[in-house]
């Protein structure tokens, strides 16, 4: 069946880089996403990548996709305290309703 | 209107009572989704509307759950005879059908249900 897995916690010091990892199982997924959820708030899209891409960079965010291993990562450069949140990866195939979310990684940034 | 609006934000009810949540999507979005999120978990799909048509329901959605989107705009999610296991955050999201189709979902802030 389909499943998206993430490690539960990550703690980094302010100014360091954070790397959040995700593995997925649905090889037909066309889009892969990273969403951020701050306390008491809904999920907000951070970035996405097409399945035919290997890498995407967007300011401090770098997404790496290894299609062979079905592994997705999000690197946050120069992590700030405001980056403390839960990060969810998700997969979908456009034109369908189907979005599968991971369990989320709670990122804690230490000052 | 700049985002998806959900209300109430928090509902506390006794077991066996009925509750209803409302979602107002972004006005030009014709796709609307309901998800449920429990502590320490990611959102789980409940149901999906395209305009007023409910096109898919998850097996998570028991007979006590019903969702409607009568005019293709706002949606309601009703839970009858609530159980303690229904305690969760109920998230609504919308997305446009046309335009740049990145598949992005726009989420509301959620309605938290606590069943005592």
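Chains as they are written, first to last, in our numbering: chain Z, 1 to 111; chain V, 1001 to 1116.
In this text, a Cβ means the ideal position worked out from N, Cα and C, and glycines have one as well.
Note that this is a predicted model, so its numbers are computed, not measured.
Residues that residue i bridges to, as DSSP identifies them
| i | result |
| --- | --- |
| residue 71 of chain Z | Z:23, Z:66 |
| residue 1010 of chain V | V:1112 |
| residue 1083 of chain V | DSSP lists no partner for residue 1083 of chain V. |
| residue 38 of chain Z | According to DSSP, which records beta bridges pairwise, residue 38 of chain Z is partnered with nothing at all. |
| residue 91 of chain Z | Z:32, Z:100 |
Nonlocal neighbours in the same chain, by C-beta distance under 7 angstroms from residue i, ignoring five residues either side
| i | result |
| --- | --- |
| residue 111 of chain Z | 14, 81 |
Residue i in three-state terms, based on DSSP
| i | result |
| --- | --- |
| residue 1 of chain Z | Any reading at residue 1 of chain Z needs caution, since the residue's pLDDT is 46, under 50, leaving its predicted position unreliable; the model's value is listed next. Looking at residue 1 of chain Z - three-state DSSP - the assignment turns out to be coil, as it is neither helix nor strand. |
| residue 83 of chain Z | helix |
| residue 1071 of chain V | coil |
| residue 1105 of chain V | coil |
| residue 1078 of chain V | strand |
| residue 1004 of chain V | coil |
| residue 1053 of chain V | strand |
| residue 57 of chain Z | strand |
| residue 1060 of chain V | coil |
| residue 1097 of chain V | coil |
Residues of its chain near residue i, where Cβ-Cβ distance is below 6 angstroms and the 5 sequence neighbours each way are ignored
| i | result |
| --- | --- |
| residue 1065 of chain V | 1079 |
| residue 9 of chain Z | 106 |
| residue 1116 of chain V | 1014 |
Contacts that residue i makes with chain V (C-beta to C-beta distance below 9 angstroms)
| i | result |
| --- | --- |
| residue 103 of chain Z | 1040, 1041, 1042 |
| residue 99 of chain Z | 1033, 1035, 1043, 1045, 1093, 1103, 1105 |
Sequence-distant residues of its chain with Cβ nearer than 8 angstroms to residue i (five each side left out)
| i | result |
| --- | --- |
| residue 1052 of chain V | 1069, 1070, 1071, 1072 |
| residue 17 of chain Z | 75, 76, 77, 78, 79 |
Integer Cβ distance of residue i from residue j, believed to fall under 8 angstroms
| i | j | result |
| --- | --- | --- |
| residue 32 of chain Z | residue 49 of chain Z | 5 angstroms |
Cross-chain neighbours of residue i in chain V, by beta carbon under 8 angstroms
| i | result |
| --- | --- |
| residue 7 of chain Z | The contacting residues do not exist; residue 7 of chain Z stays about 13 angstroms from chain V at best. |
Listed by chain order, chain Z residues near residue i by CB distance under 9 angstroms
| i | result |
| --- | --- |
| residue 1078 of chain V | Going along chain Z, no residue has its Cβ under 9 angstroms from residue 1078 of chain V, so there is no contact; the nearest lies around 20 angstroms. |
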